[in-house]
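What follows is a short report on a single structure.
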């Protein structure tokens, strides 16, 4: 009768098992200032399971047994097939879960959500200078080569213009799902969506890709803020 | 006849015992720049005892045996019942102690005091632009959801305006107690009070809440300073 | 028949062996923000071998077995003698390799490539205020003593003007080789070349020199950006 | 015949022995950005010996056997009595040594030299706005309580004005000794001297005092630069 809560799903000796990897990633993201004050989150899909860090927990102190697990049957399944098959009794699931799932449905293997101040500041600067419908644009910076041009299209070239769509924030995080999905449709090549006054969602086909793309984007946001302060334009067009 | 100094109160194998936890927290706060040069401090209430880090000690090097312990009898007791029942012989108690106690009397389980530069800069900017009686205000930033609206009232909503009162600094830290208590009465929902040109006191019902609320506030102060530099208003009202 | 891939070249108990040292350096560089998102790289020459970190790998997670090794016969050899004698099967060689080799041909023992934002910002400020042909110049800062005046010429003096040439970036990193070599000829005393909108290459006769020179230069770039913001000139001439 | 080089002076099981403590401090100072690129240094006096970190070594990698030791006979001795009684064969003594000794002659037990960018920027701002003879002044910031008012005079009060003299840099570090000693005479209460375009020397009666005073000063320099950017005056007088 043991393990009614599927605890075996979060018990592994493999340091790269999602239940071990998410806590390690979150600790690293904490030191980068991405998940301060329980903000942000991370999710990994592995075969038929999706692992999600819980809500409201100090991200640098997370442990494997704190992970939520959803069933994620393949091949193409009805959305109703998704359900929590493991819940830590004393924790709440992350409000980001539907947003992570939106990325997984587009083939992602890992999705990272940060509250990076550079991301927030970029959304504010874009709004101030280009208005609400505009997306973040930058070109002619080497680091944009660290962001893919789209699924199967390789990485951005140095002279390409990287565009990251920005959606408006909502009072409840789960209500972002619809506009996030819309942005994913309008920008089918993007691997990230900025959320105004909130942060960013970045995904990739595996953990390494999601993490390094998130790093490259954060580098570009920080550089863009510094460039703005020094009155240097983000693209060659000005 | 041993242990006249109640050394047993700071000896525990539990890593989360206050005598072990305060040094670990202080080391983390040091790396965040909150307790540079012996500044700042941390206190935890546990049952009938209050643990306080000593004054004038390098915060990243603290050890359990450096902790002061006060008796804190419950239920409601006369203030005279509070007294040090353990004092490290070679150390001085923190001048913050009466301020920590003011938080504990309002139900806090942990109180953190930082000298964060972002907190100090915010108090200076508020004074310059809104005058001495004004409090810090920010709204429409996701991270304010990490700060509670008041005891039993849940967290701030995205569109709510977070207000943190600011009191004037005094030459002697213990003299802050009266104005801190007055601010607590005027802002009964606040979990923090800024001290102009000095830093901040943040409290919560337990260590995790006090710490994550302190992180969320510090995030907001840093963002507010950066927003000010970029001529972005802190609230939608401007 | 074992070891057809020369795995023995990356197996050593010596912590300072290039195969062990490059991962340790890359981890440190990651924490300095120099190799975010798989950017940047490091190469060490040891006797007849050149060790290079692979492309597209998380720099803080590198392992000895991830290293590429080139044969580098001495004395003076035909360029055709350089070839990979060890390739990790699942990794791609770094596009920086020809650039690292250019430094080794000028006597370097170690070459470091970073995407430091301070380096990038300095290249943008120099272009904006002095145009495309200009190099970065700074004088009268103590830290320039940490940068050599040229091979066999000792370190810069406090009143000397340190000059670092800047070359234009190219869409493909290997295409930088020609202009890098030209800059090395025009500035035969330099130990570094900045790449506009990209980063920097720094070399030295051994690992310690390359690393500390890279640190001193990065310190100077950061200081120069801060000085510019405070309207302080980089040289006494203004 | 063993130990002609007095190696026993740097061999101790006590983690707080100067030969063990200096490497640990230097590693911490490296992570604070104070001793980048082999810059800066630290020295401790213990009884009849003065321990000094060597010149030109990566500060985060120092080891006890890298320490230089000078004889420092007490009571009052002729300056000629000071001499190196232990020299690591492959290293050069620090050019800061005469500057450290100047502090020890005034009763210091530890002296720290950093190249902190905040210190350098403060010296540049003071020169620009107040001219070459001026010293750094700040008041009405809580952290100035972390800096002593003078030997035997306790710490600065909140409303006191903290003054740190600034001397001009010289091409050779040892040539700073005379002006450093002159500043120590003109400001007999100071525990620190800034060096324009170079960094700072901070001392204290023991390691903890020197280190925490250095931290408090660096905090104040950083805050002062940020205040300047936000057009906030350093003292109430403006």
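Chains as they are written, first to last, in our numbering: chain A, 76 to 313; chain B, 76 to 313; chain C, 76 to 313; chain D, 76 to 313. Just so you know, even glycine gets a beta-carbon here, dropped at the ideal spot from N, CA and C.
The shortest C-alpha to C-alpha distance from residue 145 of chain A to any of A:120, A:181 and A:211 is the one to A:120.
Taking the C-beta atoms as reference points, residue 294 of chain B is found no nearer than 9 angstroms to residue 171 of chain B. Not a single CB atom of chain A sits nearer than 9 angstroms to the CB of residue 205 of chain C.
A Cβ-Cβ contact shorter than 9 angstroms links residue 100 of chain A with residue 187 of chain A. What residue 297 of chain D touches in chain B, judged by beta-carbon distance under 7 angstroms, is 192, going in chain order. In this structure residue 83 of chain C is exposed. Its beta-carbon is surrounded by fewer than 16 other beta-carbon atoms within 10 angstroms.
One alpha carbon belongs to residue 117 of chain B, the other to residue 136 of chain A, and they sit about 19 angstroms apart. Under the DSSP assignment, residue 269 of chain C falls in the beta strand (DSSP E) whose first and last residues are 267–270. In the displayed model, residue 147 of chain D falls within coil according to three-state DSSP, outside both helix and strand. When DSSP reads this structure, residue 278 of chain A sits in a beta bridge with A:186. Its chain contains 116, 127, 128, 129 and 130 as the residues whose beta carbon lies nearer than 7 angstroms to that of residue 169 of chain C, once the 5 sequence neighbours on both sides are disregarded; these appear in chain order. Legend: CB atoms of the segment 205–226 of chain D lying less than 9 angstroms from CB atoms of chain B belong to residues 215, 216, 217, 218, 220, 221 and 222.
Only residues of its own chain outside the window of five on either side were considered, and among them 300 have a CB closer than 6 angstroms to the CB of residue 196 of chain C, listed in chain order. By the rule that beta-carbons nearer than 9 angstroms mark a contact, residue 294 of chain B touches chain A. Just so you know, the alpha carbons of residue 223 of chain A and residue 107 of chain C end up roughly 24 angstroms apart. In this structure, the CA atom of residue 271 of chain C is about 55 angstroms from the CA atom of residue 261 of chain B. The distance from the Cβ of residue 285 of chain D to that of residue 185 of chain D is about 4 angstroms, consistent with a contact at the 8 angstroms cut-off.
Beta-bridge partners of residue 231 of chain C (DSSP): none assigned. Within chain B, the C-beta atoms nearer than 9 angstroms to that of residue 291 of chain D come from 111, 112, 113 and 114, in chain order.
Listed along chain B, no residue sits closer than 7 angstroms to residue 273 of chain D by beta-carbon distance, the nearest being about 22 angstroms off. Within the segment 151–181 of chain C, the complete beta strand (DSSP E) segments of 3 residues or longer fall at 158–161, listed in chain order.
For residue 191 of chain A, the three-state secondary structure derived from DSSP is coil. Here residue 257 of chain B is not bridged, per DSSP, to any residue. Per DSSP, the unbroken beta strand (DSSP E) holding residue 120 of chain C starts and ends at 116–121. DSSP, read as helix, strand or coil, puts residue 305 of chain D in coil.
DSSP places residue 113 of chain C in the helix class (H, G or I) of the three-state scheme.
For residue 214 of chain C, the secondary structure class from DSSP, reduced to helix, strand or coil, is strand. For residue 133 of chain B, the chain D residues whose Cβ falls inside 9 angstroms of its Cβ are 283, 286, 287 and 290, in order along the chain.
Against chain B, the CB of residue 303 of chain A has a partner CB under 9 angstroms away; the residue lies at that interface.
Residue environment analysis places residue 290 of chain A among the buried positions, since at least 16 neighbouring C-beta atoms fall within 10 angstroms of its C-beta. For residue 100 of chain A, the enclosing alpha helix (DSSP H) starts and ends at 93–106. Approximately 15 angstroms separates the beta-carbon atoms of residue 288 of chain B and residue 274 of chain B; this is outside 8 angstroms, ruling out the contact.
The C-alpha of residue 163 of chain D is placed about 47 angstroms away from the C-alpha of residue 161 of chain B.
In this chain, the beta strand (DSSP E) harbouring residue 124 of chain D covers 124–127.
Around residue 281 of chain C, the same chain offers 184 and 185 as residues with beta carbons nearer than 7 angstroms, after the five sequence neighbours per side are excluded. Listed along chain C are 246, each with a C-beta nearer than 7 angstroms to that of residue 232 of chain A.
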